[in-house]
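Q: Encoded as structure tokens, here's the structure I'll be asking about.
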Amino acid sequence: MRKLLTSPAKMSIGTLENQIYQTALKYVADLALNLMAVKVENHPEDFLGWCKELHKLCKHGINMDLLEENQFRPLKKLQETLEAGISVCQLKMTRITPWPIYLSFIEENSTLQALEERLALLDYINEIKTKPLAEMIEEDRLAFTGKHSAKHDISIYNFDVEWFASTKGAKIFHNLLVNHSEYFDSALAHIPLEGDVTKANYDAFVSAYCNVFTEHTDGDKPSMMAATRLLAMRRPDIFVALTNAKLDVICQGLSITKFNNQSFDGYWDELITAIQTCPWHREPKPSDEQQLRIWQARALMIDLFLFADESLAENSNYVRMRDKPKKTKVGVARSVKRTKESAEQIVDKALAQEDIPEYLLEMRNSLINSVKDGKPVEKAISLMRSIFG
Numbered sequence: 003m004r005k006l007l008t009s010p011a012k013m014s015i016g017t018l019e020n021q022i023y024q025t026a027l028k029y030v031a032d033l034a035l036n037l038m039a040v041k042v043e044n045h046p047e048d049f050l051g052w053c054k055e056l057h058k059l060c061k062h063g064i065n066m067d068l069l070e071e072n073q074f075r076p077l078k079k080l081q082e083t084l085e086a087g088i089s090v091c092q093l094k095m096t097r098i099t100p101w102p103i104y105l106s107f108i109e110e111n112s113t114l115q116a117l118e119e120r121l122a123l124l125d126y127i128n129e130i131k132t133k134p135l136a137e138m139i140e141e142d143r144l145a146f147t148g149k150h151s152a153k154h155d156i157s158i159y160n161f162d163v164e165w166f167a168s169t170k171g172a173k174i175f176h177n178l179l180v181n182h183s184e185y186f187d188s189a190l191a192h193i194p195l196e197g198d199v200t201k202a203n204y205d206a207f208v209s210a211y212c213n214v215f216t217e218h219t220d221g222d223k224p225s226m227m228a229a230t231r232l233l234a235m236r237r238p239d240i241f242v243a244l245t246n247a248k249l250d251v252i253c254q255g256l257s258i259t260k261f262n263n264q265s266f267d268g269y270w271d272e273l274i275t276a277i278q279t280c281p282w283h284r285e286p287k288p289s290d291e292q293q294l295r296i297w298q299a300r301a302l303m304i305d306l307f308l309f310a311d312e313s314l315a316e317n318s319n320y321v322r323m324r325d326k327p328k329k330t331k332v333g334v335a336r337s338v339k340r341t342k343e344s345a346e347q348i349v350d351k352a353l354a355q356e357d358i359p360e361y362l363l364e365m366r367n368s369l370i371n372s373v374k375d376g377k378p379v380e381k382a383i384s385l386m387r388s389i390f391g
């Protein structure tokens, strides 16, 4: 483990990677003894591989039962730092990557990134995007704008509508969408469905979009993140759907000047302009049908270069609705004598609930120890959620 932890110091890494490495070491200090107990068999010689290996060991190698309560937060911070490192390194590749390699990376990570489900969303959006938002049924409008609803029937919407960027937190935007959707249609009309999209097209969209907020709210700022979702669904070959969580790492990975979440100019001048200079973006239209599906959304697909593990696809709203156990009628149960439950029984009962994520199931032994120490199971689970959720 010592060799693994010190290996980036011998690598030829840039300033950004070194910053990530130094941040990781800060959290490693609180976990040193626990990490030293982990067996290391793989010693990558590149920084991306190093981030992946250490992240894997943090998630699956460390004995969670031996962690003190105050060590869970440093562990979570270390994992987040390594995830950012993975994203940055993978995004850096896209600046010089030709189309075949860009495509190959996406296809190799198709399972982790739920590629087919994402493409199903884009196929559906492609069928409805010529219809004005004002004329769409509510479910379609929410699918276009990125907000999941229990009304999304999985037999029709066989995908999570929030892939690429969720707008469920943009409450003012959605209120305006309900009452003034025709104005958003007017804004989107400035972006052609085919052909080149110019800065003038974009500026006209921004002006009309921002005017909806100016005219119909009490001074609320326009949501740029929601705007990027609209743009990316209309032209996924040109635009990237952003969230606050993705903004920093995308700017870092593409080595562009960081812009804030209200900078409509920065979005175009930095991000969209940078993407249009990438070799993979200038690739001519392919003839292969599967390649074409990805090529038609090639700017939006940069999202797949961000960190992902097996939990990403599993947490799709579509998958969760599809796999949700059906309620069954239960008859009147016979009275039985109650006995004191063991810590194991208490934890297992709590973990049997429908909304329990995979990472909590992996922490069963840690939860059992907490319950044995006198902590209520609800409090123990709440602590784990606050740290790892």
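All residue numbers for the sequence shown refer to our numbering, where the first residue is 3 and numbers rise by one. No residue lacks a Cβ here, since even glycine has one placed at the ideal position from N, Cα and C. Model, not experiment: these values are computed from the prediction.
(1) Is it right to say LYS339 is buried, meaning 16 or more other beta carbons lie within 10 angstroms of its own, or is it exposed?
(2) Look up GLN264 in the DSSP assignment and say whether it is helix, strand or coil.
(3) Name the residue from ASN36, SER313, ALA345, GLU346 whose alpha carbon lies nearest to the alpha carbon of GLN115.
(4) Are the Cβ atoms of ALA210 and ALA189 separated by less than 9 Å?
(5) I need the boundaries of the alpha helix (DSSP H) containing GLU141, first residue and last residue.
(6) Please determine, among ALA136, TRP165, LEU105, the residue with the shortest C-alpha to C-alpha distance to TYR126.
(7) At which residues does the alpha helix (DSSP H) containing THR96 begin and terminate?
(8) Any idea if VAL199 is buried or exposed, counting beta-carbon neighbours within 10 angstroms, 16 or more meaning buried?
(9) Are the region 18-38 and the region 74-82 in contact at 8 Å, needing three or more beta carbon pairs?
(10) Shortest alpha-carbon distance to SER344 belongs to which of SER372, GLN355, PRO359, ASP325?
(11) Where are the alpha helix (DSSP H) runs, 4 residues long or more, that stay fully inside the region 268-301, in chain order?
(12) Could you check the C-alpha separation between PRO359 and ASP375 for me, to the nearest Å?
(13) Return the CA-CA distance between ARG336 and ARG366, expressed in angstroms with no decimal places.
(14) Applying the 10 Å Cβ sphere with the 16-neighbour rule, what's the burial state of PRO238?
(15) In three-state DSSP terms, what is MET226?
(16) Which whole-angstrom value is the C-beta distance of LEU240 and ILE274, which I expect to be below 8 Å?
(17) Could you tell me which of PHE49, LEU69, ASN181 sits nearest to LEU35, measuring between CA atoms?
(18) Hey, LEU179 and ARG143 are a contact pair by Cβ (cut 8 Å); roughly how many whole angstroms apart?
(19) Alpha carbon to alpha carbon, how far is VAL214 from PHE266? Give it in angstroms, no decimals.
(20) Taking the alpha-carbon of ILE277 as reference, which of GLY16, MET235, ASN20, ILE98 has the nearest alpha-carbon?
(21) Would you say ALA172 and PHE309 are within 9 Å of each other, going by their C-beta atoms?
(22) Does the contact criterion of 3 or more C-beta pairs under 8 Å hold for the region 3-10 versus the region 50-63?
(23) Quick one: grab the DSSP three-state call for GLY51.
(24) Once you ignore the five residues that flank GLN254 on each side, which residues in its own chain have a CB closer than 7 Å to its CB?
(25) DSSP on HIS3, reduced to helix/strand/coil?
(26) Could you give the residue range of the alpha helix (DSSP H) that holds PRO102?
(27) Using only the alpha-carbon positions, how far apart do LYS41 and GLY51 sit?
(28) Which term fits GLN1, buried or exposed, when burial requires 16 or more other beta carbons within 10 angstroms of its beta carbon?
(29) Per DSSP, what kind of secondary structure is ALA172 in: helix, strand or coil?
(30) In chain order, what residues of the same chain lie with their CB nearer than 7 Å to the CB of ALA382, ignoring the 5 residues before and after it?
(31) Whose C-beta lies closer than 6 Å to the C-beta of ASP305 among residues of the same chain, with five residues either side of it excluded?
(32) Please name the residue in ARG236, LYS201, ASP205, TYR185 whose C-alpha comes closest to that of GLU217.
(33) With a 10 Å radius around its C-beta and 16 neighbouring C-beta atoms as the bar for buried, classify ILE158 as buried or exposed.
(34) Throw me the rounded Cβ distance for the ALA39 and ASN65 pair, which I believe falls under 8 Å.
A: Short version:
(1) As a first step, residue 339 must be located in the sequence shown, where it is residue number 337. Bear in mind that a pLDDT of 41 at LYS339, under 50, signals an unreliable position, so the model cannot answer this.
(2) The count along the sequence shown starts at 1 and reaches residue 264 at position 262. In this structure, GLN264 counts as coil in the three-state DSSP scheme.
(3) Position 113 of the sequence shown holds residue 115. Proximity to GLN115 across ASN36, SER313, ALA345, GLU346 peaks at SER313, based on C-alpha coordinates.
(4) Stepping through the sequence shown from its first residue, residue 210 is reached at position 208. Stepping through the sequence shown from its first residue, residue 189 is reached at position 187. Closer than 9 Å, so yes.
(5) Translated into the one-based positions of the sequence shown, residue 141 becomes position 139. DSSP places GLU141 inside the alpha helix (DSSP H), whose first and last residues are 140-147.
(6) In the sequence shown, the residue the question calls residue 126 occupies position 124. Minimum Cα distance to TYR126 is reached at TRP165.
(7) One-based indexing of the sequence shown puts residue 96 at position 94. If you look at THR96, you'll find it isn't in any alpha helix (DSSP H); DSSP assigns it neither H nor E.
(8) By one-based count along the sequence shown, residue 199 stands at place 197. Looking at its Cβ environment, which holds 16 or more other Cβ atoms inside 10 Å, VAL199 is buried.
(9) With a cut-off of 8 Å, the region 74-82 and the region 18-38 count as touching, because enough Cβ pairs lie within range.
(10) In the sequence shown, the residue the question calls residue 344 occupies position 342. Minimum Cα distance to SER344 is reached at SER372.
(11) Taking only runs of at least 4 residues, the alpha helix (DSSP H) segments lying wholly in the region 268-301 are 275-278, 291-297.
(12) Counted from its first residue, the sequence shown places residue 359 at position 357. Counted from its first residue, the sequence shown places residue 375 at position 373. The straight-line gap separating the alpha-carbon atoms of PRO359 and ASP375 is approximately 23 Å.
(13) Mapped onto the sequence shown, residue 336 falls at position 334. Mapped onto the sequence shown, residue 366 falls at position 364. Here the model assigns ARG336 a pLDDT of 47, short of 50, so the residue's position is not dependable and the matter cannot be decided.
(14) Walking along the sequence shown from the start, residue 238 turns up at place 236. Label assigned to PRO238: buried.
(15) For the purposes of this step, residue 226 is taken as the residue at position 224 of the sequence shown. MET226: helix per DSSP, three-state reduction.
(16) Along the sequence shown, read from residue 1 onward, the residue named residue 240 stands at position 238. Along the sequence shown, read from residue 1 onward, the residue named residue 274 stands at position 272. It should be pointed out that residue 240 corresponds to Ile in this sequence rather than to Leu. Yes, ILE240 and ILE274 are in contact; Cβ-Cβ is about 7 Å, under 8 Å.
(17) Here residue 35 refers to the residue found at position 33 of the sequence shown. Checking every option, the nearest Cα to that of LEU35 belongs to LEU69.
(18) Locating residue 179 in the sequence shown gives position 177, counting from the first residue. Locating residue 143 in the sequence shown gives position 141, counting from the first residue. Beta-carbon to beta-carbon, LEU179 and ARG143 are separated by about 7 Å, close enough to satisfy the 8 Å threshold.
(19) Sequence index remark: in the sequence shown, residue 266 carries index 264 (1-based). Sequence index remark: in the sequence shown, residue 214 carries index 212 (1-based). Going by C-alpha positions, PHE266 is about 15 Å away from VAL214.
(20) Residue 277 sits at position 275 when you count from the first residue of the sequence shown. When only C-alpha atoms are compared, the closest one is ILE98.
(21) By one-based count along the sequence shown, residue 172 stands at place 170. By one-based count along the sequence shown, residue 309 stands at place 307. 9 Å or more divides the Cβ of ALA172 from the Cβ of PHE309.
(22) Two segments are said to touch when three or more pairs of C-beta atoms, one from each, lie closer than 8 Å; by this definition the region 3-10 touches the region 50-63.
(23) Here residue 51 refers to the residue found at position 49 of the sequence shown. In the three-state DSSP reduction, GLY51 falls in the helix class (H, G or I).
(24) Translated into positions along the sequence shown, residue 254 becomes position 252. Taken in chain order, the residues that qualify are LEU18, VAL90.
(25) Here residue 3 refers to the residue found at position 1 when the sequence shown is read from its first residue. One detail in the question is off: residue 3 reads as Met in this sequence, not His. Three-state result, MET3: coil.
(26) Position 100 of the sequence shown, counted from the start, is the residue given in the question as residue 102. For PRO102, the uninterrupted alpha helix (DSSP H) segment begins and ends at 101-110.
(27) To locate residue 41, count along the sequence shown from 1; it is residue 39. To locate residue 51, count along the sequence shown from 1; it is residue 49. Cα atoms of LYS41 and GLY51: separation of roughly 17 Å, rounded to the nearest angstrom.
(28) In the structure as shown, the chain begins at 3 and stops at 391. Residue 1 is therefore absent and cannot be evaluated.
(29) Within the sequence shown, residue 172 is the residue found at index 170, counting from 1. ALA172 falls in the coil class under three-state DSSP.
(30) One-based indexing of the sequence shown puts residue 382 at position 380. A distance below 7 Å between beta-carbons, with the five flanking residues on each side excluded, links ALA382 to the following residues of its chain, in chain order: LEU369, SER372, VAL373.
(31) The residue you call residue 305 lines up with position 303 of the sequence shown. Cβ within range, chain order: PHE166.
(32) Within the sequence shown, the letter at position 215 stands for residue 217. In terms of Cα proximity to GLU217, the closest of ARG236, LYS201, ASP205, TYR185 is TYR185.
(33) Looking up residue 158 in the sequence shown gives position 156. So ILE158 counts as exposed.
(34) As a working mapping, residue 39 is identified with position 37 in the sequence shown. As a working mapping, residue 65 is identified with position 63 in the sequence shown. Distance from ALA39 to ASN65 at the Cβ level is roughly 7 Å; contact confirmed, criterion being Cβ atoms closer than 8 Å.
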